[in-house]
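Visitor: Residue numbers (the working numbering), protein chains in the order written: chain A, 1 to 215; chain B, 1001 to 1215.
1) Touching or not, the region 162-176 of chain A and the region 1109-1126 of chain B, by the rule of three or more beta carbon pairs under 8 Å?
2) Counting pairs of beta carbons, one from the region 129-138 of chain A and one from the region 1079-1095 of chain B, are three or more of them closer than 8 Å?
3) Who does residue 76 (chain A) pair with in a DSSP beta bridge?
4) Let's test the definition: count the other Cβ atoms within 10 Å of the Cβ of residue 198 (chain A) and tell me whether it reaches 16, buried, or not, exposed.
5) Check each residue of the region 1143-1154 of chain B: if its Cβ is closer than 9 Å to any Cβ of chain A, include it; give the result in chain order.
6) By how many angstroms is the C-alpha of residue 1179 (chain B) removed from the C-alpha of residue 1164 (chain B)?
7) Count the other C-beta atoms from every protein chain shown that fall within 10 angstroms of the C-beta of residue 1189 (chain B), then say buried if there are 16 or more, exposed otherwise.
8) If you pair each beta-carbon of the region 36-55 of chain A with each one of the region 1109-1123 of chain B, do three or more pairs fall below 8 Å?
9) Does the distance from the C-beta atom of residue 159 (chain A) to that of residue 23 (chain A) stay below 8 Å?
10) Starting from residue 237 (chain A) and walking both ways along the alpha helix (DSSP H), at which residues does that stretch end?
11) What do you get for residue 1076 (chain B), buried or exposed, if any count of 16 or more other CB atoms within 10 angstroms of its CB means buried?
12) Thinking C-beta only, is residue 80 (chain A) closer than 8 Å to residue 227 (chain A)?
13) What is the C-beta distance between residue 1049 (chain B) and residue 1035 (chain B), in whole angstroms, given that I count them as a contact (C-beta under 8 Å)?
14) Excluding the 5 residues preceding and the 5 following residue 2 (chain A) in the sequence, name in chain order all residues of the same chain whose CB lies nearer than 8 Å to its CB.
15) The region 1196-1209 of chain B: which residues have C-beta closer than 9 Å to a C-beta of chain A, in chain order?
16) Go to residue 46 (chain A), then tell me how far its beta strand (DSSP E) extends in each direction, as first and last residue.
17) Can you have a look at residue 1203 (chain B) and say buried or exposed, based on whether 16 or more other CB atoms are within 10 angstroms of its CB?
18) Between which two residues does the alpha helix (DSSP H) harbouring residue 14 (chain A) extend?
19) Would you mind giving the Cβ-Cβ distance between residue 20 (chain A) and residue 99 (chain A), rounded to the nearest angstrom? I have them listed as a contact below 8 Å.
20) Roughly how far, in whole angstroms, is the beta-carbon of residue 86 (chain A) from the beta-carbon of residue 209 (chain A), given that I think they are within contact range, below 8 Å?
21) Which residues of chain B have a Cβ atom closer than 7 Å to the Cβ of residue 76 (chain A), listed in chain order?
Below, the structure is given as structure tokens:
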């Protein structure tokens, strides 16, 4: 992963971060990634489950894999965004959003090596529900074969973060208009046990997911 | 807006919907859109504020507008995704996510007509904070000029929705492994008044935003 990608230079600003730790921390607590690539010469953006392993991101899904199979190595962009608050300013112009996002560039490759593929499937399952892989019925050979896994080896990545109150024009602070931040929270709260579940006690993975995502 | 776009046919499945009402309802309650387009022959996916007006989606931002200015009419894909729950199955293979998403295809055009541009700015402001436009200090001519607005006229759109419990292999229902759905809630709750705000009472737009997004 290069720290400052050439094509990102036009976007360098005070909200941009290129260090691994920031990029990884934002990727690691996302529920969904939006993956962009070109399909029949048109841009396509698909929401997908994912997981990170060092500087590789894994995604899975039969459909996307079919698309990729046609092309050996497809340029892709993967974006993860957390919305943390609506920034309410005294003028419409200075309204904003508090957020953390990461934009990753690289190429999608199909994972065919069985060891890497199994590792990726474990990581993607455990990304949303930590340690769930060890709670479930083991994967069959047929299921393993039917699942397509793609890897995006990160070539360049940049994070953008906005925090804090609105920043208004100095003269506007004298106007009696409410300003502040309306917080946005994403929370994993109530669970609903499947009516056919033989077990009613929640497994540990749900508690771990709540700890991981309810920041 | 065509109902069944040619390029979406490969993705037709039981989760797909192409009716206007479903597409519009998902678009109208999103906090952020992920906009994909090609930049220097590489796919790019950027999170952006947006608003819908009939079959046109407006986005704004100085940077994106600069990108678009170079190209008269850029093919784009805009995706809005709501995550509603983690679907916890008895096998890793049948784990899933309850979600509502819309994928829109069209072309980005810069909005230069002043009437359309003002309307778009009002819509984007009021999308996140209903009626906020009428609460704030009026926009100046300088601000109006400095803001880039892009329109995406919807050429094709498809919604995908998954709801309900996990669907396991029939024989797996006999295994005593907890299964169900862990709900994911996105909520606008607490607000923080700017330390320099002369007004402490929350404006009506915040209450409206909570009503709109806290479903």
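Positions of the beta carbon are idealized from the N, C-alpha and C atoms, including for glycine.
Guide: Reading off the structure:
1) Contact between the region 162-176 of chain A and the region 1109-1126 of chain B is absent, with fewer than three C-beta pairs closer than 8 Å.
2) yes
3) Looking up residue 76 (chain A) in the first chain gives position 76. Paired residues: A:37, A:106.
4) Translated into the one-based positions of the first chain, residue 198 (chain A) becomes position 198. Flag for residue 198 (chain A) reads exposed.
5) 1143, 1144, 1146, 1147
6) Residue mapping note: residue 1164 (chain B) aligns to position 164 of the second chain, counting from 1. Residue mapping note: residue 1179 (chain B) aligns to position 179 of the second chain, counting from 1. Using only the alpha carbons, I get a separation of about 12 Å.
7) Residue mapping note: residue 1189 (chain B) aligns to position 189 of the second chain, counting from 1. Classification for residue 1189 (chain B): exposed.
8) no
9) Taking the first residue of the first chain as position 1, residue 159 (chain A) is located at position 159. Taking the first residue of the first chain as position 1, residue 23 (chain A) is located at position 23. Yes. Within cutoff.
10) Outside the shown range of chain A, which is 1 to 215, sits residue 237 (chain A), and nothing can be said about it.
11) In the second chain, counting from the first residue as 1, residue 1076 (chain B) sits at position 76. So residue 1076 (chain B) counts as buried.
12) The shown model of chain A, from 1 to 215, leaves out residue 227 (chain A), and the question about it has no answer.
13) The count along the second chain starts at 1 and reaches residue 1049 (chain B) at position 49. The count along the second chain starts at 1 and reaches residue 1035 (chain B) at position 35. Contact doesn't hold; Cβ gap of about 10 Å is too wide.
14) Taking the first residue of the first chain as position 1, residue 2 (chain A) is located at position 2. Note on residue 2 (chain A): pLDDT 44, under 50, position unreliable in the model; the coordinate value appears next. Same-chain partners within the cutoff: 155, 156.
15) 1196, 1197, 1198, 1199, 1200, 1201, 1202, 1203, 1205, 1206, 1209
16) Indexing the first chain from 1 puts residue 46 (chain A) at position 46. Start and end: 42-48.
17) By one-based count along the second chain, residue 1203 (chain B) stands at place 203. So residue 1203 (chain B) ends up on the buried side.
18) Reading the first chain from its first residue, position 14 is the one you call residue 14 (chain A). Careful: residue 14 (chain A) lies outside any alpha helix (DSSP H) and carries neither H nor E.
19) The sequence position of residue 20 (chain A) within the first chain is 20, counting from 1. The sequence position of residue 99 (chain A) within the first chain is 99, counting from 1. Taking C-beta atoms under 8 Å as the contact rule, residue 20 (chain A) and residue 99 (chain A) fail to qualify, at a distance of about 20 Å.
20) Indexing the first chain from 1 puts residue 86 (chain A) at position 86. Indexing the first chain from 1 puts residue 209 (chain A) at position 209. Taking the Cβ atoms as the reference, residue 86 (chain A) lies roughly 26 Å from residue 209 (chain A), outside the contact range of under 8 Å.
21) Residue numbering aside, residue 76 (chain A) sits at position 76 when the first chain is read from its first letter. Among the residues of chain B, those whose CB is under 7 Å from the CB of residue 76 (chain A) are 1043, following chain order.
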